[in-house]
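The structure under discussion appears below in the form of structure tokens.
Numbering (the numbering used here), first residue to last: 1 to 74.
Laid out in structure tokens, this is it:
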């Protein structure tokens, strides 16, 4: 399964909001430096979706705010 996420780094509190178009707006409480923001994004989404971060991988947008994430099915 693939999902689209729009990320806001350095948020005070992490949150996930599903938008009407099916994508996710994710507020990440980590900076977008040295991969910390991406790692935190995967943990936040994994908790929200009930899966493991190790089953998730950023396919497109590693350096941008719009990301496409591939999730392995169990």
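Note that the Cβ used here is the ideal one computed from N, Cα and C, for glycine as well.
Measuring alpha carbon to alpha carbon, tell me which residue in the options is nearest residue i.
i: residue 2; options: 63, 10, 45; result: 45
i: residue 4; options: 20, 47, 35; result: 20
i: residue 40; options: 23, 60, 15, 22; result: 15
i: residue 10; options: 63, 71, 26, 30; result: 30
i: residue 55; options: 63, 35, 37, 71; result: 71
i: residue 42; options: 52, 61, 63; result: 52
Which residues does DSSP list as the beta-bridge partners of residue i?
i: residue 15; result: 27
i: residue 33; result: Paired residues: none, contrary to the question.
i: residue 56; result: 71
By DSSP, does residue i sit in helix, in strand, or in coil?
i: residue 2; result: strand
i: residue 66; result: strand
Since I believe residue j is in contact with residue i (beta carbons under 8 Å), could you give me their beta-carbon distance rounded to a whole number of angstroms?
i: residue 37; j: residue 7; result: 7 Å
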